Structures are given as structure tokens and as C-alpha cells.
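Q: Take 0 as the starting number for the sequence shown in numbering that gives the first Met the number 0 and just add one per residue. Idealized CB from N, CA, C, for every residue including glycine. These numbers were taken from a predicted model, which means no experiment stands behind them.
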Amino acid sequence: MEQPQLTNSLQTYFNRLGHDIDLSILTLPVEVHSVSKGDFLFQQGDVASNFYFLSTGLVRYVSVSDEGKEFTQSFVKGSSVIGSTKSMVTKSKASFGIQALEESIVLSYP
Numbered sequence: 000m001e002q003p004q005l006t007n008s009l010q011t012y013f014n015r016l017g018h019d020i021d022l023s024i025l026t027l028p029v030e031v032h033s034v035s036k037g038d039f040l041f042q043q044g045d046v047a048s049n050f051y052f053l054s055t056g057l058v059r060y061v062s063v064s065d066e067g068k069e070f071t072q073s074f075v076k077g078s079s080v081i082g083s084t085k086s087m088v089t090k091s092k093a094s095f096g097i098q099a100l101e102e103s104i105v106l107s108y109p
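1) Determine the burial state of L106: buried for a count of at least 16 other Cβ atoms within 10 Å of its Cβ, exposed for fewer.
2) Short check: CB of G96 to CB of Q42, under 8 Å?
3) If you draw a straight line from the alpha carbon of S94 to that of S62, how long is it in whole angstroms?
4) Do V58 and V46 have their beta-carbon atoms positioned less than 8 Å apart in this structure?
5) Verify whether the separation of the beta carbon atoms of Y108 and N14 is less than 8 Å.
6) With H, G and I counted as helix, E and B as strand and the rest as coil, what does DSSP make of F95?
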């Protein structure tokens, strides 16, 4: 995905929130990830230390019980902030994973 498309995706997100943000002032380091269908951004039990923005695609938040049963907690489509705030802030293990349900582009901010 090209830089203008990524910028447009972020701008759409902030506009939906009712904020007029000049994205040219953002100086955070960012990594762009192409996540294939079925792949995990992070899994339950990982420390999810980054802030993520789902630019395009569809993901699900999934947890697995002690008995091995999977539970889908929610679905999220493109132009959305995703991740585990608790895991990121406290450096604790995430209580869920995030799995791509289709080819997705994700921005991560360390």
C-alpha cells in the first residue's frame, strides 16, 4: 500500500471521530505490515507492546479457553485502532489474540 493511501486511511479514521488532524505533523516511527488471511498480529499470551492501526482488511479478536475452545470476541474492519491497551501499557500478557480474516494492512507504532 502506498503512503498516500495509508495517510488517507488515517485521515478517514480521525475525521470519523470528528477531529481535524494535520497528519504531516506526526513524527512517530511506524512500521507497515501486510498480514495474510489466517495469520495473527499477536496471540493470546504474547505481550502486545505496540499501538496498531488497521488500515485495510478485517480481523477478529479471539481468545482460547483452558480447555482449548476458541471464542471470537469481536470483529474489526479497516480504518480502526486495534490492539490490547492493557498489554501495551502494563507489559502484561494479552488475554486475546488478533487474527486476520482477510489480507490486511496494519500500521504499528512502538
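A: The relevant details are as follows:
1) buried
2) yes
3) 7 Å
4) no
5) no
6) coil
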